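Under the numbering used here, think of the first position of the sequence shown as 743, with each following residue one higher. Beta carbons are placed, not taken as given, at the ideal position from N, Cα and C, and that holds for glycine. As the structure is a computational prediction, the values presented were derived from the model and not from experiment.
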Amino acid sequence: MAVSLPMTQPTHAAPATGDSDLHRIPPLGADLLATHPFTPPPELGGRGAPHPHPVGIVGAGPVGLTLALTLARAGVRSVVLENDDRVCGGSRALGLSRRTLEIWDALGAAEPVVASGKQWNGGRSFFAGRTILQFEMPDDPAIRHRPMLNLQQCYSEHFLVSRAAMSPLIDLRWQSRFTGLHQEGDTVRLEVETPQGSYALQASHVAACDGARSAVRAAMGLKLEGTSYEADYVIADIEMDTDAPTERRCWFDPPSNPGLSVLMHGQPGGVWRLDYQLGAGEDPKGAVEPARVRRRIQEHLDYIGENAAWRLEDVSHYRVHSRSLRSFRHGRVLFAGDAAHLMPIFGIRGLNSGVEDAWNLGVKLAQVVQATAPEALLDVYSQERLAVFEENAAAANRNAAFMTPPSAGMRQARDAALVLALGDTPLQDLLNPRQAACVPLRQSPLSTPDCDEWKGGPAPGEVLPDLQLPTLPQGHLLAAISTRPCAIWFRDAAGTGLTEAALQRLGLDVIVVTQHAPPAGGEGVHPDGTLRDRMAADPGTLYLVRPDHNIAARWKRPDLRSVREAVNRLVLAKIPNQESTLPQPALSAAERVYNSLGELLDRASNKLETLAALALRLGADLGDAAVFERAVQAVETAQDARQRARPAPGASH
């Protein structure tokens, strides 16, 4: 529902003549796809607000609505401009991560999303008719939400719009198209076109949440930088009554798409998504013709032994990108979601990273608007979320390079890895689809580095786990975090000089955790030990938690001065000039070998001779003929399995 459809999100194909059964996802309720009327704003009649609006938001998709709700939670008004007159049509961004659900929980929007979605936590990959990978995402029953939930984006937007309508602080203006902006001192003037004429809207800050083809970004002459992969995919949503598992299934080189890949996901309402890669030179426009799509889908369903009747619901196309702005802040204009960055869809990071952008920005922007933090805090938003993009993009790029190898050499290395996976060679690091996970703010200048030795517990920059704790009034931990920083204090040590009143005078909410149950009516909470264990807490331990749920600091033996310095650091009153030493993730040994092999094959003029020389050199360096011979046998076994493979139909595929 952004200003324009992003390339990394579905671009919907119009039904071909005679395809009357091709339609959008069935409505969840009578009002799901209802149009929203245009309501003339005061500015259109020359009755504009005497002062600039605190925040103007361009785009009422999941990112823009999350930002508006985050600001409203902190008591900040916003005006949201949306070009369309309804929520988006179709499934678009389908997978919702645990972190997205936690954020929407804090905004009061998660309950209908969870009730309507389909949970899943793993998947399988197939090659030559055999399973070569079965994975499960880490889960913990003590955590409130499951790792992943599938729900069509039109439903998610519907619930967010409904939630926004409950807030008097959110002015959602439908059929209002952004056409330009001008930054003028401490305000931004937005030009808006409507069915009844144009007007100017003044705002202290503006957030561009208008998608991959951001009109705001274009108006400012900004460009995304990075990589665009030569890989096109078609998305097809089909209605089908089947008991197939709701998991991520991926087929490499199936007969239905030779040399390429097919992905399949379950959705609510008996709808299934198939993503299939297009061949080099295949015309994307022609590929989304319903007749062609039906033929490709039927070929794949026949291959996997799926005999249920089905109907085509929606067809889309996307190209794989990994690109971003150099900065997400440009004066008083901030960028979030696809307007700020594009990522390969592999791993389900697009919408989820955009929601995290909006949440991070909303918490900081509210503090700036309310003058409890300086404007420089918005630079930290850009710094934190750019770092998260780079880490997310690195994982997504590794997925993309395996799913759609960027060169002939990398394709040969990928194909070799698939063949070896038919044997007993451990290649999980290469095959792992790396589903979206919450990326810690590893290098945040707002974090105070540890000064104690820790063996577990969430580190600075990580998100506080949303543990289900019946002894808390709210029932789960993140619900106890408000719009202010919070101290979680395991108060059982004497002589620290800390008191609850002293912590509150620093502007902190305080959760006091006692080892023994407090007396009736007494202060403190008494979890069953789960919180103490998960936080690796000793008597006296204190965690400082940011309003966005990230850990700002932690101490085994806190003192009031250290806590005060960490609180000051949170609002940029004082940031020591020291570099963070938090570790950066590294490639596994298998990934380094895989990349080196692909690059070698790209450079080689005689690939067979090069591979033979490489094998001899590795054997000589290994110095153990028996080990080398076992490796040769493993390769032969895998190749034999490939030759013998007869992809037998069956839903287990």
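Sorted by chain position, which residues of the same chain lie with C-beta nearer than 8 Å to residue i's C-beta, five sequence neighbours on each side aside?
i, result
"residue 948", "797, 798, 799, 800, 923, 930, 932, 958, 1074, 1075, 1076"
"residue 1391", "In this predicted model, residue 1391 has a pLDDT of only 44, less than 50, meaning its place in the structure is not dependable; the value taken from the coordinates is given anyway. These residues qualify, in order along the chain: 1044, 1045, 1046, 1047."
"residue 1205", "841, 844, 1180, 1182, 1291, 1292, 1293"
"residue 1384", "870, 1161, 1164"
For residue i, which of helix, strand or coil comes out of DSSP?
i, result
"residue 796", "strand"
"residue 1131", "helix"
"residue 843", "helix"
"residue 1241", "coil"
"residue 778", "coil"
"residue 860", "strand"
"residue 1382", "helix"
"residue 1375", "helix"
"residue 1040", "helix"
"residue 1065", "strand"
"residue 1295", "strand"
"residue 1006", "strand"
"residue 892", "strand"
"residue 1012", "helix"
"residue 762", "At residue 762, the pLDDT of 43 sits below 50, so the modelled position is not reliable; the number obtained from the coordinates is stated separately. Of the three classes helix, strand and coil, the one that applies to residue 762 here is coil, per DSSP."
"residue 837", "strand"
Under a Cβ-count criterion, where at least 16 other Cβ atoms within 10 Å of its own Cβ denotes burial, should residue i be classed as buried or exposed?
i, result
"residue 1043", "buried"
"residue 1106", "buried"
"residue 1219", "buried"
"residue 914", "buried"
"residue 1348", "exposed"
"residue 1134", "buried"
"residue 1246", "exposed"
"residue 1315", "Legend: pLDDT at residue 1315 = 49, less than 50; position of this residue unreliable, value from coordinates given subsequently. By the neighbour-count rule (16 or more Cβ atoms within 10 Å), residue 1315 is not buried but exposed."
"residue 1196", "exposed"
"residue 1051", "exposed"
"residue 1283", "buried"
"residue 1382", "exposed"
"residue 1369", "exposed"
"residue 1049", "exposed"
Please state whether the Cβ-Cβ distance between residue i and residue j is less than 8 Å.
i, j, result
"residue 883", "residue 840", "no"
"residue 896", "residue 1078", "no"
"residue 1172", "residue 869", "no"
"residue 975", "residue 785", "no"
"residue 1066", "residue 972", "no"
"residue 978", "residue 1039", "yes"
"residue 1287", "residue 1228", "yes"
"residue 1221", "residue 1253", "no"
"residue 1155", "residue 1339", "yes"
"residue 956", "residue 1138", "no"
"residue 886", "residue 849", "no"
"residue 898", "residue 825", "no"
"residue 1086", "residue 859", "no"
"residue 1285", "residue 1299", "no"
"residue 878", "residue 863", "yes"
"residue 1123", "residue 1070", "yes"
"residue 1140", "residue 1341", "no"
"residue 1004", "residue 996", "yes"
"residue 1033", "residue 912", "no"
Using a Cβ-Cβ cut-off of 7 Å (strictly less than) and excluding sequence neighbours within five positions of residue i, which residues of its own chain qualify?
i, result
"residue 1248", "1305, 1306, 1309"
"residue 1203", "1182, 1183, 1184, 1186, 1189, 1292, 1293, 1324"
"residue 1148", "971"
"residue 1097", "804, 805, 808, 842, 845"
What residue range does the beta strand (DSSP E) around residue i cover?
i, result
"residue 1230", "1228-1232"
"residue 943", "939-950"
"residue 1161", "Note, residue 1161: premise wrong, no beta strand (DSSP E); alpha helix (DSSP H) at 1150-1163."
"residue 1341", "Counting along the chain, residue 1341 falls outside any beta strand (DSSP E), though it belongs to the alpha helix (DSSP H) covering 1331-1345."
"residue 1287", "1284-1287"
"residue 1076", "1075-1077"
"residue 970", "967-982"
Would the beta-carbon of residue i be found less than 7 Å away from any heavy atom of the ligand GTP?
i, result
"residue 949", "Looking for the ligand GTP in the displayed structure turns up nothing, as the structure carries no ligands at all."
Taking residue i as part of the alpha helix (DSSP H), name the residues at either end of that continuous run.
i, result
"residue 1095", "1092-1111"
"residue 903", "895-907"
"residue 1205", "Looking at the DSSP string, residue 1205 is not in any alpha helix (DSSP H), and its letter there is neither H nor E."
"residue 1363", "1349-1364"
"residue 829", "No alpha helix (DSSP H) holds residue 829; DSSP gives it neither H nor E."
Excluding five sequence neighbours on each side, which residues of the same chain lie with their C-beta closer than 6 Å to the C-beta of residue i?
i, result
"residue 1093", "804, 835"
"residue 875", "867, 1173"
"residue 779", "none"
"residue 926", "none"
"residue 1233", "1254"
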